[in-house]
Amino acid sequence: MFMSEKPRVGVYVCHCGINIAATVDVEAVVEFASRLPGVVVAKNYTYMCSDPGQQLVQEDIRKENLNRIVVASCSPRMHEMTFRRTLQDAGLNPYYLEMANIREHVSWVHEDQEEATKKAKSLVGASVSKARMLEPLEEKEVEAERSALVIGGGIAGIQSALDIADAGYQVYLVEKTPSVGGRMSQLDKTFPTLDCSACILTPKMVDVANHPQIELMTYSEVEEVGGFVGNFEVKVRQKARYVDIDKCNGCGDCADNCRVKNRIPNEYDEGVGKRSAIYMPFPQAVPAKMTIDPDHCLYLTRGKCGKEPKCQEVCGPGAIDFEQQDQVVELKVGAIVVATGFDTFEPSRKPEYGYQDSPNVITGLEMERLVSASGPTGGEILIGEGETARKPKDVAFIQCVGSRDQSVGNEYCSRVCCMYTAKQAHLIKEKIPDADVRVYYMDVRAFGKGFEEFYDRVRREGVRYIRGNPSEIFSKGDKQVVKVEDTLTATPMEDEVDLVVLATGLEPRADARGVIDLLRLSQSSDKFFLEAHPKLYPVDTSTDGVFLAGCAQGPKDIPDTVAQAKGAAASAMIPLSLGKVKVEAQTAEVNQDTCRGCGFCVEVCPYSAIELTTVNRFGHAVNVASVNEALCKGCGSCSAACLSNSVQPRSFRDSQIMPQIAALGVRK
Amino acid sequence: MSEPFEPNIVAFLCNWCSYAGADLAGTSRVKYSSNIKIIRVMCSGRVNPLFVMNALQQGADGVLISGCHPGDCHYLEGNMYARRRFGLIKELMEFVGVDPRRIHMSWVSASEGGKWKDVVEKVVEDVREAGPFEQFKRDKINW
Chain C
454 MFMSEKPRVG VYVCHCGINI AATVDVEAVV EFASRLPGVV VAKNYTYMCS DPGQQLVQED
514 IRKENLNRIV VASCSPRMHE MTFRRTLQDA GLNPYYLEMA NIREHVSWVH EDQEEATKKA
574 KSLVGASVSK ARMLEPLEEK EVEAERSALV IGGGIAGIQS ALDIADAGYQ VYLVEKTPSV
634 GGRMSQLDKT FPTLDCSACI LTPKMVDVAN HPQIELMTYS EVEEVGGFVG NFEVKVRQKA
694 RYVDIDKCNG CGDCADNCRV KNRIPNEYDE GVGKRSAIYM PFPQAVPAKM TIDPDHCLYL
754 TRGKCGKEPK CQEVCGPGAI DFEQQDQVVE LKVGAIVVAT GFDTFEPSRK PEYGYQDSPN
814 VITGLEMERL VSASGPTGGE ILIGEGETAR KPKDVAFIQC VGSRDQSVGN EYCSRVCCMY
874 TAKQAHLIKE KIPDADVRVY YMDVRAFGKG FEEFYDRVRR EGVRYIRGNP SEIFSKGDKQ
934 VVKVEDTLTA TPMEDEVDLV VLATGLEPRA DARGVIDLLR LSQSSDKFFL EAHPKLYPVD
994 TSTDGVFLAG CAQGPKDIPD TVAQAKGAAA SAMIPLSLGK VKVEAQTAEV NQDTCRGCGF
1054 CVEVCPYSAI ELTTVNRFGH AVNVASVNEA LCKGCGSCSA ACLSNSVQPR SFRDSQIMPQ
1114 IAALGVRK
Chain V
219 MSEPFEPNIV AFLCNWCSYA GADLAGTSRV KYSSNIKIIR VMCSGRVNPL FVMNALQQGA
279 DGVLISGCHP GDCHYLEGNM YARRRFGLIK ELMEFVGVDP RRIHMSWVSA SEGGKWKDVV
339 EKVVEDVREA GPFEQFKRDK INW
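From first to last, the protein sequence lines are chains C and V. With this note's numbering applied, the first sequence covers 454 to 1121. With this note's numbering applied, the second sequence covers 219 to 361.
Take a look at the structure:
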């Protein structure tokens, strides 16, 4: 069928500067390759991926009439596309390429030149064996939906949604909580410019709600994602708010009259403040509508709330609707941006810091709510409650709580704690000028634009930086004692303070697993979502058409988050603006003459891409498998299940892998 | 004393996790034994039991199959099929008298370059202990 012409193989061994050549004797590999059956040309070159390197291949294709190319260089995951284009530009089918990975799998991992050369030879031999059996494939295109789904309504999701919508495409923005805004809405000021967080965020939140091209779906969760890039089929569950948002005007009378008013910890205030069972997360919430918390509402939990639920009684527009049900909406989108954000480190996992023992040991985000004008104290920094409330005079910040700490499994730096601590120290000095603020740190990482200058400024304002990691924090009367050694002067000390602020780090979300399962994402070793390449594809994932933005991919500050969100939006718009996507060419194929119609492959296929069809075989109607190429992803599970080797993935056929195995089996 | 036996091992790695993990080991310049030679497949579910037998027949002393962690398969569930098949292959191989230390399966994700090294060293060690594989050689088979 595809073996119409005699294979004429060209082998090109790359030096990759000295990356390969220093460990592998490339001349010897070329010499070895030139003697392999079918090889017409074998050459080496400093950088095969460079223009002259590619031209070398193209010239040989024309001059020597080559029809199979083996490039022995880096990983095919790196440059397979590059060399496929090289072949295509020279008029050869791009799938006549096979790569031998002699950099990542040989020269970079082995030190002994003799062993490395031996292995490189055998990998090249295997690649030549496979290359001889390669077949030409055709790349097909299908239409792409010109719309996108953005998961997560924090600043990353908001920015991505706005950019994609501004370019003219339909966007569905799905947010789990009742309002967009995310973590940024909880912040008071932003470092290092001291912009008011709400002032720069709320206009964007409103834009998202009002944009004609954005459909905002708050209090909703993505339940199912099917299909593939260009044609994702998504199911979104819009949870019941028990409030008709068309009628609700957000006046808040219901919350004021709720029978459990001020009894439920307010998530927005990190539990520092309290709310009712019917609530708006914060005053600038978008949409500015009420939601009933089904876990705390008396009527929803016990079926009874006085004679009649008070909220229903006082609601002027009659928006309360206890009969409301969840609704599942089906969407078709071409691309997906994942901007699901982060969790903050739970400091009771470091019990020596006494967070669980004292109300005067708080987290960075709690401090944020305490200094915020929209917070429970109206922006006054107060500790203690009611009559005994007082302004703290001695405040200690502890850095790297839950970051750079192997004992809690977080090796990474959370990138924001040094600077938010500096900012909060500044805010304390601003509001309580005679307060003595000290920061216990390991290293101060002020790496961003304007960060170092801000750190300097805060120190000039009198904030004391003391290098040392506390061993213990405990209560003594109404004071907290920080037991620590100043490691610069080797002075052990016990520092008595009124308030301890733990600079808690960022962690992957506890519910990240659900997103991973929905979208087939991978995690890096820090458990944040893994990008396709740390440098060259920082917003892409291993699932085509799914992109990452913000802290879901790793800790970052607001400018970096916004930059990445814009990057993700730009990448997501590629299939939307083309209106078409390439479908996998390396799909499975059935030999209908040998297929016995058992249907094992039908059962095994994860994409339901195979079905049994009836064909006429010598006058008999028989069932045989047939592959829907638009659905097939080319995993090849079917062929391993096939009893008669009738279904085979293109480019990974038995007839192509067996020669590889044979070549590698030879002991040299 | 003779030189220590250097086994020849063929590994089947899925493109998305294990192959990428092995790439990461390279990028991180992790050093490991050169006995393992990798064949890239799109999914560990592609690995036909015949490949394992064929590798042993063709002169390999051991075989490794490596895929994404269970639940993380790029193709939803291919690695689950691989796991089931592996159980059967291993039993079959044991039945025909092949030392089970020759046949391995592992889960290595794209971010586990270090783990890839550990897997390689373990497999090489096991196969080295099992010694050269001679059973499937023609002159060893008693027709």
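Just so you know, even glycine gets a beta-carbon here, dropped at the ideal spot from N, CA and C. Please read all numbers here as calculations on a predicted model, not as lab measurements.
Item: Of the residues C:731, C:550, C:1059, C:888, the one placed nearest residue 774 of chain C, counting alpha carbons only; Value: C:731
Item: Sequence-distant residues of its chain with Cβ nearer than 8 Å to residue 979 of chain C (five each side left out); Value: 863, 864, 865, 961, 1007
Item: Alpha helix (DSSP H) runs contained entirely in the stretch 857-909 of chain C, provided each spans 4 or more residues; Value: 870-884
Item: Exposure of residue 1117 of chain C, with buried meaning 16 or more beta-carbon neighbours within 10 Å; Value: buried
Item: Contact between the stretch 602-614 of chain C and the stretch 626-645 of chain C (3+ Cβ pairs under 8 Å); Value: yes
Item: Exposed unless 16 or more other CB atoms sit within 10 angstroms - verdict on residue 1102 of chain C; Value: buried
Item: Among C:1015, C:1024, C:1009, nearest to residue 993 of chain C - alpha-carbon criterion; Value: C:1024
Item: Residue span of the alpha helix (DSSP H) that contains residue 532 of chain C, given as start and end; Value: 529-542
Item: Those residues which DSSP pairs with residue 982 of chain C across a bridge; Value: C:976
Item: Ordered list of alpha helix (DSSP H) runs contained in the stretch 773-858 of chain C, each at least 4 residues; Value: 817-824
Item: First through last residue of the alpha helix (DSSP H) which encompasses residue 1083 of chain C; Value: Per DSSP, residue 1083 of chain C belongs to no alpha helix (DSSP H) and is neither H nor E.
Item: Under 9 Å from the C-beta of residue 292 of chain V: neighbouring residues of chain C; Value: 973, 975, 995, 996, 1086, 1088
Item: Where the beta strand (DSSP E) through residue 284 of chain V begins and ends; Value: 280-285
Item: Residue 755 of chain C in three-state terms, based on DSSP; Value: helix
Item: Proximity test, Cβ basis, 8 Å: residue 1045 of chain C and chain V; Value: no
Item: Residues that residue 928 of chain C bridges to, as DSSP identifies them; Value: C:933
Item: 8 Å CB neighbourhood of residue 1047 of chain C in its chain, flanking five on each side removed; Value: 1097, 1098, 1099
Item: 6 Å Cβ shell around residue 869 of chain C - same chain, five flanking residues per side excluded; Value: 1010
Item: Buried versus exposed call for residue 602 of chain C [16 or more other C-beta atoms within 10 Å across all chains shown]; Value: buried
Item: Alpha helix (DSSP H) segments (min. 4 residues) lying fully within the stretch 657-724 of chain C; Value: 706-710
Item: Buried versus exposed, by CB contacts within 10 Å (16 or more), residue 538 of chain C; Value: exposed
Item: Residue of C:939, C:466, C:958, C:769 minimising C-alpha distance to residue 525 of chain C; Value: C:466
Item: Residue-chain proximity (residue 354 of chain V, chain C), Cβ-Cβ < 8 Å; Value: no
Item: Minimum Cβ-Cβ distance from residue 1111 of chain C to chain V less than 8 Å; Value: yes
Item: Alpha-carbon to alpha-carbon, residue 974 of chain C and residue 515 of chain C; Value: 42 Å
Item: Interface residues of chain C facing residue 257 of chain V [CB-CB closer than 8 Å]; Value: 579, 1110, 1113, 1114, 1117
Item: Closer than 8 Å to chain V by CB, residue 572 of chain C; Value: yes
Item: Residue environment, residue 940 of chain C, which counts as buried when at least 16 other CB atoms sit within 10 Å; Value: exposed
Item: Beta carbon proximity, residue 323 of chain V to chain C, threshold 8 Å; Value: no
Item: For residue 961 of chain C, the residue or residues it bridges with in DSSP; Value: C:795
Item: Per-residue DSSP class, three states only, for residue 491 of chain C; Value: coil
Item: Extent of the continuous alpha helix (DSSP H) run through residue 243 of chain V; Value: 236-245
Item: Three-state secondary structure assigned by DSSP to residue 1107 of chain C; Value: helix
Item: Chain C contact residues for residue 269 of chain V, given Cβ-Cβ distances below 7 Å; Value: 1110, 1114
Item: Residue 982 of chain C at chain V interface by Cβ criterion, 8 Å; Value: no
Item: Contact set for residue 1094 of chain C: own chain, Cβ-Cβ below 7 Å, skip 5 residues either direction; Value: 1053, 1054, 1057
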